[in-house]
Amino acid sequence: MGNQVEKLTHLNYKEVPTADPTGMDRDEGPRIGVSYIFSNDDDELEQQQDSVHDPGGEHPALQPYDPQLHEVECSVYYRDECIYQKSFSEEDTQPEEGDEGGGGHLSTYTPENLLNRCKPGDLVEFVCQAQYPHWVVYVGDFQVVHLHRLEVVNSFLTDASQGRRGRIANQLYRYKPLSPAVVVRNALEQVGCKDRDLSWRNSECFAAWCRYGKREFKIGGELRIGKQPYRLQIRLGDKRSHTLEFQSLEDLIMEKRRNDQIGRAAVIQELSSHLQAAE
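Start counting at 1 in the sequence shown, then tack on 40, and there's your number in this note's numbering.
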């Protein structure tokens with residue numbers, strides 16, 4: 041069982057409606073896509089959190105969260121270039137100041153602890169079991185800008201976290217970042233943008249666009265002409281991996297986020313069943 045490559049056929053997005061006929065997500069941006077792969081995104085986040093809030097309206101009780109237990113290790117390639125990597129292996133990670141051991145940059149912290157670590161222009165990823173990761177841009181003065189429920193908003197970091205633990209996510213994407221001042225300006229200039237005026241499908245695409253300025257993170261930023269230059273390599277353990285191919289980066293990010301939401305065990309089970317059926 042070596043690396044497996046599966047080519048996904050992406051139909052014309054204007055011709056294939058999602059489960060929501062309006063093509064909109066309550067928490068994120070407008071989305072039109074293949075419903076099997078991209079049916080649910082961050083709109084599920086608010087529903088899940090509403091169900092665990094106490095009657096007094098406080099943040100949900102924090103549950104023990106182990107990134108290595110719940111999160112999917114993966115790499116993203118554009119042709120032969122690695123443009124994103126999430127790995128807990130010491131050999132694969134690029135050490136960050138203050139990290140200890142392999143995968144230290146993937147350690148998570150409470151929102152209050154993050155305030156002592158963040159600098160303007162940093163990206164922060166909030167994570168929680170069975171939820172889509174939520175990305176924000178730290179702009180200083182304890183505040184962040186993020187895409188939330190179909191609108192780019194300015195919030196306090198502690199409010200945006202909604203009780204989730206988080207990490208500084210600057211090292212996940214390997215593109216060259218813009219200067220911190222430009223990242224902050226990009227984010228603040230979009231505050232108030234909402235609904236059909238949005239150019240991003242989810243909080244991750246918005247935050248990454250602010251930091252790297254690449255049109256590939258925007259809706260329709262790349263032409264789909266049949267080629268599949270992007271590869272998502274998912275690590276299954278025991279030196280095994282499974283690779284999916286995509287026509288655009290935004291398609292790949294949607295699938296990667298789906299894997300984040302269902303969790304490592306479910307992804308491995310799903311792919312193992314698929315590979316066994318194909319044999």
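Glycine included, C-beta positions come from ideal geometry on N, C-alpha and C.
Unbroken alpha helix (DSSP H) run spanning residue i, endpoints
i	result
residue 210	No alpha helix (DSSP H) contains residue 210, which DSSP labels as neither H nor E.
residue 193	Run containing residue 193: none in the alpha helix (DSSP H); it sits in the beta strand (DSSP E), 191-196.
residue 108	107-110
Secondary structure of residue i, DSSP reduced to three states
i	result
residue 274	strand
residue 292	helix
residue 58	Per-residue confidence for residue 58 stands at a pLDDT of 37, beneath the threshold of 50, marking its modelled position as unreliable; the derived number appears in the next sentence. Of the three classes helix, strand and coil, the one that applies to residue 58 here is coil, per DSSP.
residue 286	strand
residue 252	helix
residue 201	helix
residue 219	coil
residue 299	helix
residue 259	coil
residue 281	strand
Proximity to residue i [Cα-Cα], best of the options
i	options	result
residue 239	191, 266, 279	191
residue 234	314, 223, 187, 256	187
residue 228	254, 213, 242, 183	183
residue 111	313, 312, 308	308
residue 108	127, 194, 232	127
residue 181	189, 165, 198	198
residue 145	165, 170, 282	165
residue 246	177, 114, 147	177
residue 276	113, 252, 195	113
residue 201	159, 266, 167	167
residue 129	279, 224, 206	279
Residue i, enclosing beta strand (DSSP E) - first and last residue
i	result
residue 125	121-126
residue 116	114-118
>> For the stretch 102-118 against the stretch 267-275, do three or more pairs of beta-carbon atoms, one drawn from each stretch, fall closer than 8 Å, so that the two count as touching?
In response: The stretch 102-118, when compared against the stretch 267-275, does touch it at the 8 Å Cβ threshold.
>> Can you confirm whether the stretch 145-158 touches the stretch 241-251 when touching is taken to mean that 3 or more C-beta pairs between the two stretches lie within less than 8 Å?
In response: Put simply, the stretch 241-251 does not touch the stretch 145-158. Fewer than three CB pairs are less than 8 Å apart.
>> If we require 3 or more residues per run, which beta strand (DSSP E) segments fall completely within the stretch 140-187?
In response: The stretch 140-187 contains these whole beta strand (DSSP E) runs: 163-167, 174-180.
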